[in-house]
Each structure stands twice: as C-alpha cells, then as structure tokens.
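145 is the number of the first residue of the sequence shown in my numbering; add one for each residue after it.
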Amino acid sequence: MTWDAAAPSAPLAWIATLLAGAVLVFYIFQQLLGKSGLPGPLFSLPLLGDTIEFATTDPTKFLFGRFKRYGRVFRLSLLGFTAYVTADPEALRPLLADDGGHFTMPVQTFTALMGSYNLQAHKEAHSAWRKVLMAALTGSGMAKLVPGVVAVMSGHVEGWAKAGRVELFEAARTLGLDLAVDVLSGVKLAERGIDPAWFKSRMSDFLAGLYGLPLALPGSPLAKGLAAKEELLRVLAPAVEEQQAELLKLYEENGRSAAAVAAKLAGCPDTATIEDANLLGFTARGYTTPRDAGMTVLHAVMGAADTTRFALFNTAAILAMSPRVQDLIYQEQKKVVAEHGPELTYKTAMSMPYLDAAFKEAMRLLPASSGGFRMLTKELKVGDVVLPPGTTIWFHALLLQTLDPVCWDGDTGVDVPAHMDWRNNFEGAYRPERWLSEETRPRSFYVFGQGTHLCAGMVLVTLEVKLLLAMLLRRFRLELEVPDMLARAELFPYAKPVKGTGGMRLVPREQPVA
C-alpha cells in the first residue's frame with residue numbers, strides 16, 4: 145500500500161483514537177465522581193468489576209482482606225452490579241427491620257428471570273405472603289410434608305447405594321428440584337396435564353441462569369434460562385388460571401384485604417402451600433395477569449429448590465471430610481431410633497441437636513447463600529463512612545460470620561482467621577460442638593438473612609438436610625473420592641466442584657442403624 149492510499153484513512157484513525165480517549169476519560173471521571181470519599185478500589189473493570197478476582201480467590205480471604213484494608217464497609221462490584229458490603233451488626237440492625245432501607249435484588253440475571261415483583265419491598269404484600277408461607281412451612285404444615293420428602297429422598301438414596309457412589313453436586317441439584325416440584329411447592333403438574341420430566345428439564349435451565357453476568361449471549365446460561373422461562377410460562381399460565389381465579393374471588397370477598405385472606409389460608413396449615421402464598425402476594429401487588437400466575441409457579445419452585453441444592457451439597461461435602469463428626473452423628477441416630485423408632489418424622493428430626501449443630505457449622509463455613517441486600521432510603525453512617533440514600537447495602541453472610549465476636553480473636557495478621565480456615569485448619573474450623581454451649585455459640589449467623597426478612601424457608605432447608613443426612617449416616621460412611629474436592633472447587637457464585645472431582649463414596653457401616 146502506498147502512502148497516498150493510506151493517507152485518507154489517517155484522519156479517521158485519529159478521530160477513532162480521540163473518541164476512544166474521550167470515552168475512557170469520561171469513564172474514569174464517572175468512576176472518580178461516584179466513588180469519591182467512599183471505601184473501595186478506585187478503579188474497577190466495566191461490567192466485571194471485582195468478579196474475576198473474587199471468583200479466583202478464596203472468598204473468605206478476599207472479603208477479610210478487603211475488611212483489613214477498608215474497614216467494616218467497602219464497595220464490591222460483581223456480575224454487573226455494585227453494592228457496599230457492610231459488616232457492622234449495629235448499623236445493620238435498623239435496616240434489617242426495614243428502618244432506613246428496603247429489600248432489593250441487584251443481581252441482574254436473577255431479576256431478568258424472576259421478574260421485578262419484589263414482594264419483600266412492599267409491607268402489606270410481604271406480610272400476607274409470609275404469613276401463608278410460614279403456615280405451610282412450619283409446625284403442622286411442615287409435618288404433613290415430611291412423609292413426601294422422606295419418600296423422594298429414599299428413592300434417591302437407594303439409587304446412590306446401589307452405585308456405591310454419587311456425583312454430589314448433580315445429585316444435590318436433582319434431589320432439590322425433585323423435592324420442590326413433587327412435594328413442596330404445591331404445584332400439581334400431573335393434574336394440570338404437564339409432563340413432570342419436561343417441566344424439570346426446563347426448570348433446570350431456568351435455575352442455571354439465575355446467577356451470572358447479565359449478558360444473554362447465544363448459548364449462555366442466561367439465554368437458555370430466558371428461553372426456558374418462556375416455554376414454561378406458555379404451559380403454566382393456562383394451567384394455573386383456575387387457581388388464580390379462586391384466589392382473586394377470595395380476595396374480592398374479603399374486601400381486597402391481603403391480611404384477611406392470609407388469615408384464612410394460614411388458618412388451614414394442612415392445606416396452605418407455597419403456591420398459595422405466591423398467588424396472594426402477587427395479587428396484593430396487583431399482578432393478576434395469566435403470565436403473572438405462571439410466574440408464581442416459577443417462584444414457588446425456585447424458592448423450594450434453590451437454597452436446598454446448595455445447602456445439601458455444601459453440608460454433605462464438609463461432612464464427608466470429617467469422619468469424627470460422622471461418627472458422632474451416627475451415635476446420636478442410635479439414640480434417636482432407640483427413643484422414637486426408625487421412622488424419620490418431623491418430631492424425630494427435631495430431636496437431633498448434634499446433627500443440627502453439624503449443619504449450622506457447615507453453613508457458617510460455607511454458606512448456602514451470601515446474605516442479602518437492602519436499598520437505603522435514608523443516610524446510613526457506618527463508623528466514619530456515610531452512605532447516601534439509594535446505595536445498595538450487602539450484608540454478606542461469609543464476612544459477618546468471619547468477624548463473629550465469639551469466634552474471632554481479633555487477629556488481622558492472618559489471611560483467614562483460624563475459625564474459618566477449613567482449607568488449612570479443618571479440625572479446628574469445623575467444630576459443631578461450638579453450637580451446643582451458650583458460651584461458644586456464634587452470634588453472627590446470616591445465611592438465611594435476619595430481621596423481618598429472615599428466610600421463611602429456613603426451617604424447611606434445615607429439615608431437608610437433616611433428614612437426608614440422618615438417612616445416609618445411619619447406613620453409610622461418606623468419603624470424598626478426591627479428598628481436596630472443596631479446596632479445588634469454584635466457590636463463586638456458589639460452590640461447584642471442578643469436573644471430575646465431585647464424586648462421593650457411600651461406604652456401608654458394619655452395624656447400620658435399623
């Protein structure tokens with residue numbers, strides 16, 4: 145190419161360079177303007193933010209490192225959103241009671257799939273929804289669900305037992321979805337002419353897209369999730385039409401009072417369902433189209449399956465690393481059977497304090513959720529930092545539990561405090577016994593949220609995990625096929641083993657508990 149031929153393109157190249165420079169300067173200016181005086185890195189990558197560093201680092205080490213550098217509040221940008229991680233329980237206390245802030249969900253992929261219904265940010269709808277949900281998932285409402293839960297679990301465990309092993313992450317995912325669809329959500333697919341196998345397949349794609357970068361590129365989890373959502377809604381909207389009409393009629397008969405309808409539904413805990421709660425909450429917010437009705441089903445299944453799958457995997461994986469704790473649970477199960485008989489019921493599950501402690505301790509080290517978010521409606525002061533209204537606050541369970549005043553000795557000279565360092569100090573970190581004494585019981589436990597938005601499904605998830613582990617540990621010892629599976633695993637946005645490392649052996653006990 146001659147200089148004469150290239151010359152006409154030179155001005156275009158200069159213009160492109162100047163435009164790129166202007167965009168960069170504008171971006172830097174916006175970064176500086178938005179972050180002036182607030183703790184956190186000065187610059188972060190567009191869209192990605194801290195995602196790469198957080199995803200490739202031990203999350204506890206990352207968060208504790210940020211705490212050591214910035215204090216109890218700092219900016220964190222992940223998956224296309226920015227929030228201020230706040231690890232000051234006193235500052236959080238009013239927020240968790242909806243004083244000075246309201247519930248928000250900044251994860252864009254989650255909102256793209258679940259919609260912007262946000263029942264928890266509206267007091268009347270949230271109160272009515274929660275009342276019915278609690279009736280369905282506690283006390284006699286929960287007790288009626290246990291036989292179905294045990295039956296589904298037994299089928300899965302027998303399959304694992306025949307194979308002598310299980311791919312733990314996939315097994316937890318499949319079991320969580322089966323429990324949600326077949327037992328817990330109140331969605332009676334067969335009665336509505338919906339093929340359960342097809343529904344679960346589409347629902348798997350839907351759930352897989354909930355947490356990630358907000359880019360619906362062809363073939364991405366988000367794109368697949370959005371496609372599955374539309375397929376599901378086409379089938380669900382007409383299938384739920386009659387149930388929605390009944391709820392709307394009840395709503396009108398009770399003067400359009402969500403509280404009055406909630407009182408009626410909650411008064412019959414043996415028939416109240418997650419689906420009823422969602423329909424009422426949506427109706428109270430004015431979401432009454434057929435598409436909205438279909439979305440209540442997706443919300444019901446997601447709510448029953450999502451935290452369960454992570455809690456099952458995390459707890460079983462940690463337990464498989466501790467023969468000592470397994471043996472103590474086995475001994476407790478012998479006592480439970482001697483006192484209550486071999487049947488697993490709601491009552492027997494409530495009589496397993498050591499297993500309960502083992503579950504909580506696993507959730508302390510490897511939470512099944514990351515806490516929750518609030519949008520500030522008024523100024524919040526955290527130490528010397530003042531956060532303005534409109535700021536998204538993240539009470540991150542892992543960091544709050546790391547800084548627990550009972551467990552943490554205050555040493556900032558380490559990368560990870562000893563009570564959280566399951567990688568290098570497993571026996572010292574994983575100690576269920578700490579939950580059995582008032583003096584050693586942790587004070588910071590935020591896995592299921594706190595305050596008025598404490599997860600209504602907390603009792604359900606705890607019960608499910610305890611029933612499954614009781615069923616397994618009465619008959620088997622659990623062993624990871626790759627002992628350092630968790631150390632190798634991806635831990636963001638949730639714990640997931642690296643391919644080829646996720647197997648768990650079921651080793652028959654010489655004297656199984658009858």
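Using N, Cα and C, we set each Cβ at its ideal position, and we do this for glycine too.
Keeping to the same chain, check which residues put their C-beta closer than 7 Å to that of S466; ignore five residues upstream and five downstream. For this step, residue 466 is matched to residue 322 along the sequence shown. Counting only Cβ-Cβ distances below 7 Å, and skipping sequence neighbours, we find Y574.
Candidates R317, V530 and Q475: closest to A448 by CA position: If you number the sequence shown from 1, residue 448 lands on position 304. Answer by Cα proximity: R317.
Does P641 pass the burial test, meaning 16 or more other C-beta atoms within 10 Å, or should it be called exposed? Residue numbering aside, residue 641 sits at position 497 when the sequence shown is read from its first letter. It counts as buried.
Would DSSP call H266 helix, strand or coil? If you number the sequence shown from 1, residue 266 lands on position 122. H266: coil per DSSP, three-state reduction.
Could you give the residue range of the alpha helix (DSSP H) that holds S401? The count along the sequence shown starts at 1 and reaches residue 401 at position 257. First-last for S401: undefined, no H or E at that position.
Quick check on DSSP: helix, strand or coil for R219? Position 75 of the sequence shown, counted from the start, is the residue given in the question as residue 219. Residue state, collapsed to three classes: strand.
Are there three or more Cβ pairs, one per stretch, closer than 8 Å when the stretch 410 to 427 is compared with the stretch 294 to 302? no
Between the alpha carbons of P561 and A631, how many angstroms are there, rounded? As a position in the sequence shown, residue 561 is number 417, starting the count at 1. As a position in the sequence shown, residue 631 is number 487, starting the count at 1. When rounded, the distance between both Cα atoms is 16 Å.
Can you tell me whether T230 is helix, strand or coil according to DSSP? Here residue 230 refers to the residue found at position 86 of the sequence shown. Correct three-state label for T230: strand.
Top-ranked residue by Cα proximity to G411, from T451, A272 and R508: Locating residue 411 in the sequence shown gives position 267, where the first residue counts as 1. Selected option, being the one with the closest Cα: A272.
For W566, which of helix, strand or coil comes out of DSSP? Position 422 of the sequence shown holds residue 566. Coil.
Same chain, Cβ closer than 6 Å to L176, five either side skipped, listed in chain order: On the sequence shown, residue 176 is found 32 positions in, with the first residue counted as 1. Low confidence applies to L176: its pLDDT is 44, below 50, so where it sits in the model is not reliable enough to give any reading.
How far does the alpha helix (DSSP H) with I462 in it reach, from first residue to last? Position 318 of the sequence shown, counted from the start, is the residue given in the question as residue 462. Element bounds for I462: P434 to L463.
DSSP three-state label for K643, please. For the purposes of this step, residue 643 is identified with residue 499 of the sequence shown, where counting begins at 1. Note: K643 maps to coil in three-state DSSP.
At a threshold of 7 Å, does G181 count as lining the ligand COA (C-beta to nearest heavy atom)? Looking at this structure, you won't find the ligand COA or any other ligand, since it has none at all.
Just the C-alpha distance for V217 and V331, rounded to the nearest angstrom, thanks. Taking the first residue of the sequence shown as position 1, residue 217 is located at position 73. Taking the first residue of the sequence shown as position 1, residue 331 is located at position 187. Cα-Cα distance, rounded: 42 Å.
For T536, write down the residues that DSSP places opposite it in a beta bridge. Here residue 536 refers to the residue found at position 392 when the sequence shown is read from its first residue. According to DSSP, T536 bridges with M519.
8 Å Cβ cutoff met for G238 and G244: Here residue 238 refers to the residue found at position 94 of the sequence shown. Here residue 244 refers to the residue found at position 100 of the sequence shown. One point to set straight first is that residue 238 is Pro, not Gly, in the sequence displayed. It is a contact, given that the beta carbons lie within the stated cut-off.
Quickly, what does DSSP pair R649 with across the bridge? List them, please. Stepping through the sequence shown from its first residue, residue 649 is reached at position 505. DSSP output for R649 lists R309 and E623 as bridge partner(s).
With distance defined between alpha-carbon atoms, name the residue in G320, P190, L613 and G369 nearest to L351. Counted from its first residue, the sequence shown places residue 351 at position 207. Considering only alpha carbons, the answer is G369.
Report the rounded CA-to-CA distance for R508 versus G399, giving the unit in angstroms. The sequence position of residue 508 within the sequence shown is 364, counting from 1. The sequence position of residue 399 within the sequence shown is 255, counting from 1. About 45 Å.
So is D339 buried or exposed if we call it buried at 16+ other beta carbons inside 10 Å? Start at 1 with the first residue of the sequence shown, and residue 339 comes out as number 195. With fewer than 16 Cβ atoms within 10 Å of its Cβ, D339 is classed as exposed.
G178 classed as buried or exposed, judged by whether at least 16 other C-beta atoms fall within 10 angstroms: To locate residue 178, count along the sequence shown from 1; it is residue 34. Per-residue confidence for G178 stands at a pLDDT of 47, beneath the threshold of 50, marking its modelled position as unreliable; the derived number appears in the next sentence. Answer is exposed; the Cβ neighbour count stays below 16.
At least 3 beta-carbon pairs within less than 8 Å: the stretch 595 to 613 vs the stretch 523 to 530: no
Spatial neighbours of P379 within its chain, please: CB distance less than 7 Å, with the 5 preceding and 5 following residues excluded, ordered by chain position. Within the sequence shown, the letter at position 235 stands for residue 379. A small correction: the amino acid at residue 379 is Val; Pro does not occupy that position in the sequence shown. Result list for V379: I338, in chain order.
Assign L531 to one of three DSSP states: helix, strand, or coil. The residue given as residue 531 occupies position 387 in the sequence shown. If DSSP states are grouped into helix, strand and coil, L531 belongs with the strands.
Measuring only the C-alpha atoms, how far is Y171 from T433? Within the sequence shown, the letter at position 27 stands for residue 171. Within the sequence shown, the letter at position 289 stands for residue 433. Legend: pLDDT at Y171 = 45, less than 50; position of this residue unreliable, value from coordinates given subsequently. Near 41 Å, if we compare the C-alpha coordinates of T433 and Y171.
Helix, strand or coil at Q174 according to DSSP, with G and I counted as helix: Locating residue 174 in the sequence shown gives position 30, where the first residue counts as 1. With a pLDDT of 46 at Q174, under the threshold of 50, the modelled position of this residue cannot be trusted; read the value that follows with caution. DSSP places Q174 in helix when its eight states are reduced to three.
Is it the case that the stretch 183 to 201 contacts the stretch 484 to 491, given that we only count it when at least three CB pairs across the two stretches are under 8 Å? no
DSSP state of E487 mapped onto helix, strand, coil: Numbered from 1 along the sequence shown, position 343 holds the residue referred to as residue 487. Looking at E487 - three-state DSSP - the assignment turns out to be coil, as it is neither helix nor strand.
Proximity of A600 and M278 at Cβ, strictly below 8 Å: Within the sequence shown, the letter at position 456 stands for residue 600. Within the sequence shown, the letter at position 134 stands for residue 278. Closer than 8 Å, so yes.
Straight-line CA distance for V591 to W566? Reading the sequence shown from its first residue, position 447 is the one you call residue 591. Reading the sequence shown from its first residue, position 422 is the one you call residue 566. So the alpha carbons of these two residues sit roughly 17 Å apart.
Could you give the C-beta distance for A269 and G425, rounded to a whole number, given that I count them as a contact under 8 Å? Within the sequence shown, residue 269 is the residue found at index 125, counting from 1. Within the sequence shown, residue 425 is the residue found at index 281, counting from 1. Indeed they touch by this definition, with Cβ atoms about 5 Å apart.
Would DSSP call I196 helix, strand or coil? On the sequence shown, position 52 is the one that residue 196 refers to. Note: I196 maps to helix in three-state DSSP.
Short Cβ contact (8 Å threshold) for L472 with Y498: Taking the sequence shown and counting its residues from 1, one reaches residue 472 at position 328. Taking the sequence shown and counting its residues from 1, one reaches residue 498 at position 354. Contact flag set, yes.
Following the continuous beta strand (DSSP E) through L547, name the residue where it begins and the one where it ends. In the sequence shown, residue 547 corresponds to position 403, counting from 1. L547 -> no beta strand (DSSP E), and no H or E assigned at all.
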